[in-house]
Structure formats: structure tokens, C-alpha cells
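Let me begin by presenting the structure, written as C-alpha cells, before commenting on it.
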């Protein structure tokens, strides 16, 4: 089906995707959606003068906005795991801090600046 046609079809598809993400992703997906909506509509937003109309075409602009929102406002603080360095004789429990990793200035220059499309 050609999605270049009806704006109603595009709106329906976008609404369905947002509903699916909000219901299927635990708390992290609704948290990211909340941050995205806040960044779009709050006064003096860290995202700067981004408007909903700027992202309505989808594609790279929306994708970059989503990725930068996730980087800047990581919805998951850490991911626990077990590691071993002696062929599974002893194990160590580790929880990498993802929120701090996403603010690492050596990877993301000016990490507190909201900059969609940044490499990293």
C-alpha cells in the first residue's frame, strides 16, 4: 500500500504505533514518550525551537529526535548482569549505569546539550 496518500491513514498508523509502544514496552517506552511530548510542548525546552510540525514528516528528523531523547533522558538507569573472569568459578554481579554512560563527554561532546542527529 502506498502511504503517500491519505493523511487519515498516516494518522491512524502513527496512533496505532504509539499505542503499541506504550502498551508493549513496560515503563521505559511510556517514559520516553512522556519526555518527547514534554520537550515538544514545554516553554524554554532543552530541545530548542522544535515543533511538532518539524517532525510530522517522520524519517530522519523524528528518528534523531527520538534517539537524542533516549540518550539525554535515559529511561533505564542500569541493566544488571553477572560476569566471570575465571571460567565460571566465581561470579560478580554488576549493574552498568546507563544514564551516566549516555552523558559521557568523551563519547557525546557537550552531553547536556540536546542535539538530535549527533554521532555516537
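Residue numbers (this note's numbering): -10 to 109.
We put the beta carbon where it would ideally sit given N, CA and C, even for glycine.
Small disclaimer: the values here were computed from a predicted structure and weren't measured.
Determine the burial state of residue i: buried for a count of at least 16 other Cβ atoms within 10 Å of its Cβ, exposed for fewer.
i: residue 65; result: exposed
i: residue 61; result: buried
i: residue 104; result: buried
i: residue 16; result: exposed
i: residue 58; result: buried
i: residue 21; result: buried
i: residue 25; result: buried
Tell me whether residue i, by its Cβ, gets closer than 6 Å to a heavy atom of the ligand NAP.
i: residue 69; result: No copy of the ligand NAP occurs in the structure displayed, which carries no ligand at all.
Is the separation between the beta-carbon of residue i and that of residue j shorter than 7 Å?
i: residue 67; j: residue 85; result: yes
i: residue 165; j: residue 70; result: The requested residue 165 does not occur in the structure, where the chain is confined to residues -10 to 109.
i: residue 41; j: residue 34; result: no
Does DSSP put residue i in a helix, a strand or coil?
i: residue 73; result: coil
i: residue 46; result: coil
i: residue -8; result: Any answer about residue -8 is weak, because its pLDDT of 47 lies below 50 and its placement is not dependable; what the coordinates show is given next. Residue -8: coil per DSSP, three-state reduction.
i: residue 17; result: helix
i: residue 60; result: helix
i: residue 36; result: coil
i: residue 31; result: coil
May I ask you to list the residues that DSSP assigns as paired with residue i?
i: residue 67; result: 86
Within 7 Å of any Cβ in chain D, is that where the Cβ of residue i sits?
i: residue 104; result: The structure shown has no chain D; it contains just one protein chain.
Exercise for review: Kindly provide the ranges of any alpha helix (DSSP H) runs that are 4 or more residues long and lie completely inside the segment 77 to 103, ordered along the chain.
Suggested key: Taking only runs of at least 4 residues, the alpha helix (DSSP H) segments lying wholly in the segment 77 to 103 are 87 to 90.
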